[in-house]
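Scroll down for the structure; my scribbles are underneath it.
Protein chains: 2
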Amino acid sequence: MAEENTVFIGKKGVMSYVLAVVTQFNQGANEVTIKARGRAISRAVDVAEIVRNRFVQDAKVKDIKISTEELEKKEEGEGNATKVSAIEITLAK
Amino acid sequence: MAEENTVFIGKKGVMSYVLAVVTQFNQGANEVTIKARGRAISRAVDVAEIVRNRFVQDAKVKDIKISTEELEKKEEGEGNATKVSAIEITLAK
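Line by line, the protein sequences give chains A and B. For the first sequence, the working numbering assigns the number 290 to the initial residue and increments by one for each residue that follows. For the second sequence, the working numbering assigns the number 290 to the initial residue and increments by one for each residue that follows.
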């Protein structure tokens, strides 16, 4: 159930993810979790802020978690980059 | 008092800021707040994770806040970029 209301932030434009989050709220979700890792973390914060300031103004930041994930394969092209920071931002109405 | 135990994340390498945070804990601080905005947000999460996983293992994430700040001048070179997301991560022993 948790995975249903989750939006993973990748390399698309911020508004793509804003739309995905807003759509989940509009379809009846009371909570949506925004997940990102590495450099996409900044974009995850942008998405959360834009959603709650512009589109779903009764949504509040319920929880923010940060963690470190081990990458199975090297994604960044850096020699030792096998760990990456991650964030989970949960918005709730 | 709050400002004393604050580390602002800029464009230096991650370890510069890790050292700044660790130094504050070693000088007796019980709490250190890591602040960043825009693209430095990802680096702020890296700093918090490296500090608590490698250097100050009794430090916990006490609070994380996200917000939107108005920039007084345009910093990013984008036409309408007058707002920027920000994060504050408070680590506490």
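C-beta: ideal position from N, C-alpha, C; glycine also. These figures come from a predicted structure and were not determined experimentally.
Exercise for the section: Kindly indicate the opening and closing residues of the alpha helix (DSSP H) around residue 329 of chain B. Expected result: 329-339
Practice task
Could you pull out every residue in the same chain whose Cβ sits closer than 6 Å to the Cβ of residue 307 of chain A, ignoring the five residues on either side in sequence?
Solution key: 336, 339, 340
Exercise for the section: State yes or no: is the beta carbon of residue 323 of chain B nearer than 7 Å to at least one beta carbon in chain A? Expected result: no
Exercise for the section: Could you pull the start and end residues of the beta strand (DSSP E) that residue 350 of chain B belongs to? Expected result: 349-359
Exercise for the section: Starting from the C-beta of residue 332 of chain B, find all residues in its chain whose C-beta is less than 8 Å away, skip the five residues before and the five after it, and write them out in chain order. Expected result: 298, 303, 306, 325
Exercise for the section: Classify residue 379 of chain B as buried or exposed, calling it buried when 16 or more other Cβ atoms lie within 10 Å of its own Cβ. Expected result: buried
Practice task
Quick one: using the 10 Å Cβ neighbour count with 16 as the cut-off for buried, is residue 294 of chain A buried or exposed?
Solution key: buried
Handout entry: Reference residue 315 of chain A, options A:371, A:377, A:347, closest by Cα
Key = A:347
Problem - Spatially closest choice to residue 359 of chain B from B:375, B:371, B:342, by CA coordinates - result: B:371
Problem - Beta-carbon proximity of residue 323 of chain B to residue 345 of chain B, cut-off 7 Å - result: no
Handout entry: Boundaries (first-last residue) of the alpha helix (DSSP H) holding residue 309 of chain A
Key = 303-315
Practice task
Take residue 349 of chain A as the anchor and find which of A:328, A:374, A:321, A:356 has the nearest alpha-carbon.
Solution key: A:321
Exercise for the section: Excluding the 5 residues preceding and the 5 following residue 329 of chain B in the sequence, name in chain order all residues of the same chain whose CB lies nearer than 6 Å to its CB. Expected result: 298
Exercise for the section: Just tell me which of B:377, B:373, B:342, B:317 has its CA closest to the CA of residue 383 of chain B. Expected result: Residue 383 of chain B is absent from the model: chain B starts at 290 and stops at 382.
Handout entry: Rounded distance between the beta-carbons of residue 334 of chain B and residue 374 of chain A, thought under 8 Å
Key = 4 Å
Exercise for the section: Say whether chain B places a C-beta atom closer than 7 Å to the C-beta of residue 312 of chain A. Expected result: no
Practice task
Tell me residue 326 of chain A's beta-bridge partners as DSSP assigns them.
Solution key: A:375
Exercise for the section: Mind listing the chain A neighbours of residue 296 of chain B? Cutoff is C-beta to C-beta under 9 Å, in chain order. Expected result: Going along chain A, no residue has its Cβ under 9 Å from residue 296 of chain B, so there is no contact; the nearest lies around 15 Å.
Practice task
Determine the extent of the beta strand (DSSP E) in which residue 344 of chain B is found, giving its start and end residues.
Solution key: No beta strand (DSSP E) contains residue 344 of chain B, which DSSP labels as neither H nor E.
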